[in-house]
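Okay, structure first, notes after.
In the numbering used here, the protein residues as written are 10 to 169.
Below is the structure:
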């Protein structure tokens, strides 16, 4: 009997990728054999970094972790999950407001695609961190190093 690989899709805009996001990936790797970080692209949303820049940043960060794959996509997250044949969607929740939103989304994804969602509560030390706050700090020239994963770089210059 062969072991079927358990894969989860962790989707978001990740603009930028924070310590909270990295924590969800790390904890997801305790539950799944592989975590795919799916960077959703939405032309209607103003991003600080382009999808290609975010792909480069996150791919560089996980370069030494073969169980993490990073990609960009457009369209419905659940459609990508079906295309990739993942077993579950992985999501992080920071607050009760997030929980209600994510539960509604999970119910919808189960209804339309029979796709399960695993919700991980944010680690308490990261609940105050959001990409929105980091973008705001960057906009005003603030130091964001405490909000980014250790060793993560916002550098988007091509690899040499």
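Every residue, glycine too, gets a C-beta built ideally from N, C-alpha and C.
So, using beta-carbon positions, are residue i and residue j closer together than 9 Å?
{"i": "residue 124", "j": "residue 98", "result": "yes"}
{"i": "residue 73", "j": "residue 47", "result": "no"}
{"i": "residue 18", "j": "residue 93", "result": "yes"}
{"i": "residue 57", "j": "residue 24", "result": "yes"}
{"i": "residue 136", "j": "residue 104", "result": "yes"}
{"i": "residue 76", "j": "residue 44", "result": "yes"}
{"i": "residue 81", "j": "residue 49", "result": "yes"}
{"i": "residue 132", "j": "residue 36", "result": "yes"}
{"i": "residue 146", "j": "residue 163", "result": "no"}
{"i": "residue 15", "j": "residue 42", "result": "yes"}
{"i": "residue 71", "j": "residue 95", "result": "no"}
{"i": "residue 83", "j": "residue 118", "result": "no"}
My output table needs one value for residue i: the three-state DSSP class, helix, strand or coil.
{"i": "residue 15", "result": "coil"}
{"i": "residue 159", "result": "coil"}
{"i": "residue 152", "result": "coil"}
{"i": "residue 143", "result": "helix"}
{"i": "residue 115", "result": "helix"}
{"i": "residue 136", "result": "coil"}
{"i": "residue 4", "result": "What the structure shows of the chain is the stretch from 10 to 169, and residue 4 is not part of that stretch, so it cannot be assessed."}
Which residues does DSSP list as the beta-bridge partners of residue i?
{"i": "residue 126", "result": "98"}
{"i": "residue 21", "result": "48"}
Any 3 or more C-beta pairs closer than 8 Å across the segment 141–160 and the segment 118–133
Counting Cβ pairs under 8 Å, fewer than three are found: no touch.
State whether the segment 84–91 contacts the segment 56–63, with contact taken as three or more CB pairs (one from each stretch) at a distance under 8 Å.
In the pairwise beta carbon analysis, the segment 84–91 is classified as not touching the segment 56–63: fewer than three pairs are separated by under 8 Å.
Which ranges would you report for the beta strand (DSSP E) in the segment 25–97 if only whole runs of at least 3 residues count?
Runs found: 43–49 and 77–82.
I'd like to know if the segment 108–116 and the segment 25–45 are in contact, where contact means that at least 3 CB-CB pairs between them fall below 8 Å.
Too few Cβ pairs lie closer than 8 Å, so no.
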